[in-house]
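Undergrad: Converting from the sequence shown to my numbering requires adding 11 to each position, the first position being numbered 1. All residues carry an ideal CB built from backbone N, CA and C; glycine is no exception.
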Amino acid sequence: MADFDLIVIGAGPGGYVCAIRAAQLGLKVACVEGRETLGGTCLNVGCIPSKALLNATHQLHEAEHNFEKMGLKVAKPKVDWEAMKAYKDDVVGGNTKGIEFLFKKNKVTWIKGWAQIAAPGKVKVGDDMHGAKAIVIATGSEPSSLPGIAVDEDVIVTSTGALTLGKVPKSMVVIGAGVIGLEMGSVYARLGAQVTVIEYLDAITPGMDAEVAKAFQKILTKQGIKFVLGAAVKGASRDGKGASVTYALRKDDSEHEIKADTVLVATGRKPFTDGLGLEAAGIELLPRGQIKTDAQFATSVPGIYAIGDAIVGPMLAHKAEDEGMAVAEVIAGKHGHVNYDVIPGVIYTAPEVASVGQTEEQIKESGRPYKVGKFSFMGNARAKAVFQADGFVKLLADKETDRILGCHIIGPGAGDLIHEVCVAMEFGASAQDLALTCHAHPTYSEAVREAALACGDGAIHM
Ligand code: NAI
């Protein structure tokens, strides 16, 4: 008889959520995790520590730039980098301990160590063999560097090393204008580093609505971040105490070099499946290394499932969480489901950027008739009161049915504002449904309603 109904491999947002939900559904569950603490990349070296640093440096920015405007006179703030990192570590510790508590509460067994799939229904951890009726692989992802760049996590770092730099660099080159590059680039720019972002494409944040990406780049440039776009990085190497990065401009192939104290490589992530024994177990992979799954998260081997960053789709903690809950329900004999059309994406800079559904470019390409309702935070009293009136809400709706197709927000609290649109989309709402919903005054949310009004007879405050 199997020891467990389910063994989940990996305790990141996908794995731990899956384990808890499966236990709630009455299964006997174990979760294997080799790190010292639970929570995976997100809690330990990703979403959570970066948000702590983003918060601390945002407060610094407020003190330096906006306090005096509000009649607050304080001495010039000083940065104690070691204390800031300790605050970040405290935040991480509190959260990882929280997952440990939830495991105990839900009677999920934490098997400490690195798992190897020995056979369907058999998971080896160290010298011990554990049996399970079902296995879920939730092993996440790891940074993928570029050929010609040797990451040392000291001077040439990934997002992991960028959280623990020995000191605040005077200059930083960020390779890749994606989410990690811009969030961590913002942190160090606010701490006083001269940050230069080098991006292969001609725009920042690939896949984002082009109008929002353009406005975002303008705002970040105003904050002091420099951008070199259309530039392919060829290599980076240690150079004295710092490093030098070489790149070629795509328009004329001209070669350039830039030196910096620190180089952050933020060119994407790849599935982390090392040592799992996937090949021996006969689990099929896709050409880019993700585990192949069907709509129910089943791999090519019966009884073995996979979710999160290790399979296809956006590499987002909340996408993994939703898949974790869904696969637990499938394994428990229920109907798990993830709506991939309504997965929000958020960049936690200041201002935040958030989106859900289709971009204007995607709708145009589909040939569907559409309308755009836009509202600037300049017309939002609350945003103006806190010096955050840069940015706007852009709502896209079907021209004939008025059904909401997508929403893109750059502005204060965008990462929270987006969720009323997510709920509306889940219910198949029209722009008018949002426009007719009373929104409290004065809130940032009014900007979302105004964008919905702009899809109809017009916004009021614009
Ligand atoms: P990314 O895929 O978002 O961006 C990588 C960027 O690097 C792209 O713009 C790409 O064009 C550029 N690039 C690639 N090769 C290059 C070269 N040779 N020279 C110049 N530029 C080059 O990847 P990122 O930022 O590393 O993030 C990894 C994953 O983690 C993403 O899937 C992201 O969604 C996720 N993530 C999400 C966060 C959030 O939701 N707030 C926070 C952090 C990460």
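Residues bridged to Thr207 by DSSP?
TA: In the sequence shown, the residue the question calls residue 207 occupies position 196. According to DSSP, which records beta bridges pairwise, Thr207 is partnered with Val184 and Lys237.
Undergrad: Measuring CB to CB, does Thr107 end up less than 8 Å from Leu49?
TA: Taking the first residue of the sequence shown as position 1, residue 107 is located at position 96. Taking the first residue of the sequence shown as position 1, residue 49 is located at position 38. It is a contact, given that the beta carbons lie within the stated cut-off.
Undergrad: Kindly provide the ranges of any alpha helix (DSSP H) runs that are 4 or more residues long and lie completely inside the stretch 435-470, ordered along the chain.
TA: Listed in chain order, the complete alpha helix (DSSP H) runs (minimum 4 residues) inside the stretch 435-470 are 442-446 and 457-465.
Undergrad: If you drop the 5 nearest sequence neighbours on each side, which residues of the same chain put their C-beta closer than 7 Å to that of Arg393?
TA: Position 382 of the sequence shown, counted from the start, is the residue given in the question as residue 393. Excluding positions up to five away in sequence, the list reads Pro453, Thr454 and Tyr455.
Undergrad: Looking at Thr273: is its Cβ nearer than 8 Å to the Cβ of Leu176?
TA: If you number the sequence shown from 1, residue 273 lands on position 262. If you number the sequence shown from 1, residue 176 lands on position 165. Their beta carbons are under 8 Å apart, which means Thr273 touches Leu176 by this criterion.
Undergrad: Quick one: what does DSSP say Val364 is sitting in, helix, strand or coil?
TA: Taking the first residue of the sequence shown as 1, we reach residue 364 at position 353. In this structure, Val364 counts as strand in the three-state DSSP scheme.
Undergrad: Helix, strand or coil: how does DSSP classify Glu194 here?
TA: The count along the sequence shown starts at 1 and reaches residue 194 at position 183. Correct three-state label for Glu194: helix.
Undergrad: Just to confirm, does Met183 get its C-beta within under 7 Å of one of the non-hydrogen atoms of the ligand NAI?
TA: Here residue 183 corresponds to residue number 172 of the sequence shown, with the count starting at 1. No - the ligand NAI has no heavy atom lying nearer than 7 Å to the Cβ of Met183.
Undergrad: Taking the alpha carbon of Ala243 as the point to measure from, which residue in Gly253, Val223, Thr278 and Lys225 has its own alpha carbon closest?
TA: Counting from 1 along the sequence shown, the entry for residue 243 is found at position 232. Per the Cα distances, Thr278.
Undergrad: From Gln399, Gly241 and Arg201, pick the residue whose C-alpha is nearest to that of Pro88; which is it?
TA: Translated into the one-based positions of the sequence shown, residue 88 becomes position 77. The option with the nearest alpha carbon to Pro88 is Arg201.
Undergrad: Counting only the same chain and skipping the five closest in sequence on each side, list residues whose C-beta sits under 6 Å from that of Met389.
TA: As a working mapping, residue 389 is identified with position 378 in the sequence shown. Result list for Met389: Ala400, in chain order.
Undergrad: Between Arg280 and Asp320, which are expected to be in contact by the criterion C-beta below 8 Å, what is the C-beta distance as a whole number of angstroms?
TA: Residue numbering aside, residue 280 sits at position 269 when the sequence shown is read from its first letter. Residue numbering aside, residue 320 sits at position 309 when the sequence shown is read from its first letter. Confirmed, Cβ separation roughly 7 Å.
Undergrad: Alpha carbon to alpha carbon, how far is Thr68 from Asp220? Give it in angstroms, no decimals.
TA: To locate residue 220, count along the sequence shown from 1; it is residue 209. To locate residue 68, count along the sequence shown from 1; it is residue 57. Looking at the two C-alpha atoms, the distance is approximately 27 Å.
Undergrad: Indicate whether Leu407 and Tyr381 have their beta-carbon atoms separated by less than 8 Å.
TA: Along the sequence shown, read from residue 1 onward, the residue named residue 407 stands at position 396. Along the sequence shown, read from residue 1 onward, the residue named residue 381 stands at position 370. Contact flag set, yes.
Undergrad: Are there 16 or more other CB atoms within 10 angstroms of the CB of Cys42, so buried, or fewer, so exposed?
TA: Taking the sequence shown and counting its residues from 1, one reaches residue 42 at position 31. Per the 10 Å Cβ criterion, buried.
Undergrad: Throw me the rounded Cβ distance for the Gly193 and Leu231 pair, which I believe falls under 8 Å.
TA: On the sequence shown, residue 193 is found 182 positions in, with the first residue counted as 1. On the sequence shown, residue 231 is found 220 positions in, with the first residue counted as 1. According to the sequence as given, residue 193 is Leu; it is not Gly. Their Cβ separation, rounded to whole angstroms, is 7 Å, which keeps Leu193 and Leu231 in contact under 8 Å.
Undergrad: Report the CB separation of Val239 from Thr207 in whole angstroms; it is logged as a contact under 8 Å.
TA: For this step, residue 239 is matched to residue 228 along the sequence shown. For this step, residue 207 is matched to residue 196 along the sequence shown. Between Thr207 and Val239 the Cβ distance is about 6 Å, and since that is below 8 Å, they are a contact.
Undergrad: Does any C-beta atom of chain C lie closer than 8 Å to the C-beta of Pro453?
TA: Note that chain C does not occur in the displayed structure, where there is just one protein chain.
Undergrad: Is any heavy atom of the ligand NAI found at a distance shorter than 7 Å from the C-beta of Ile191?
TA: In the sequence shown, counting from the first residue as 1, residue 191 sits at position 180. Result yes, Cβ under 7 Å from the ligand NAI.
Undergrad: Have a look at Ile236 and Glu266 and give me their C-alpha separation to the nearest angstrom.
TA: Walking along the sequence shown from the start, residue 236 turns up at place 225. Walking along the sequence shown from the start, residue 266 turns up at place 255. Spanning the two alpha carbons is a distance of roughly 22 Å.
Undergrad: Please tell me whether Phe283 and Lys80 are closer than 8 Å, where the distance is taken between their beta carbons.
TA: As a working note, residue 283 is residue 272 in the sequence shown. As a working note, residue 80 is residue 69 in the sequence shown. In this structure, Lys80 does not lie closer than 8 Å to Phe283 by Cβ.
Undergrad: Could you tell me if the beta carbon of Gly57 falls within a distance shorter than 7 Å of some heavy atom in the ligand NAI?
TA: Translated into positions along the sequence shown, residue 57 becomes position 46. Under cutoff, so the answer is yes.
Undergrad: Which value, in whole angstroms, describes the spacing of the CA atoms of Met12 and Pro154?
TA: Residue 12 sits at position 1 when you count from the first residue of the sequence shown. Residue 154 sits at position 143 when you count from the first residue of the sequence shown. Only weak support exists for where Met12 lies, its pLDDT of 49 falling under 50; the value from the coordinates is given anyway. Near 39 Å, if we compare the C-alpha coordinates of Pro154 and Met12.
Undergrad: Restricting to Cα atoms, I'd like to know which of Lys245, Gly25 and Val168 is closest to Ile110.
TA: As a working note, residue 110 is residue 99 in the sequence shown. Among Lys245, Gly25 and Val168, the Cα nearest to that of Ile110 is on Gly25.
Undergrad: Determine the DSSP secondary structure at Met12, reduced to helix, strand or coil.
TA: Within the sequence shown, residue 12 is the residue found at index 1, counting from 1. Note that Met12 scores a pLDDT of 49, beneath 50, so its modelled location is shaky and nothing firm can be said.
Undergrad: Give me, in chain order, the residues of the same chain whose beta-carbon lies closer than 7 Å to that of Asn117; leave out the 5 immediate sequence neighbours on both sides.
TA: As a first step, residue 117 must be located in the sequence shown, where it is residue number 106. Ile31, Ala34 and Gln35, listed in sequence order.
Undergrad: Quick check on Val103: does DSSP put it in helix, strand or coil?
TA: Residue numbering aside, residue 103 sits at position 92 when the sequence shown is read from its first letter. Val103 falls in the helix class under three-state DSSP.
Undergrad: Note down, in chain order, each residue of its chain lying with its Cβ closer than 6 Å to the Cβ of Thr370, except the 5 sequence neighbours on either side.
TA: Taking the first residue of the sequence shown as position 1, residue 370 is located at position 359. The answer, listed in chain order, is Asp220.
Undergrad: Inspect the CB distances between the stretch 355-369 and the stretch 438-453 and report whether three or more fall short of 8 Å.
TA: The stretch 355-369 vs the stretch 438-453: no contact.
Undergrad: Under the three-state reduction of DSSP, which class applies to Ser255: helix, strand or coil?
TA: As a working mapping, residue 255 is identified with position 244 in the sequence shown. Strand.
Undergrad: Any chance the CB of Gly187 is under 7 Å from a heavy atom of the ligand NAI?
TA: Within the sequence shown, numbered from 1, the residue matching residue 187 stands at position 176. Yes - the ligand NAI has a heavy atom lying nearer than 7 Å to the Cβ of Gly187.
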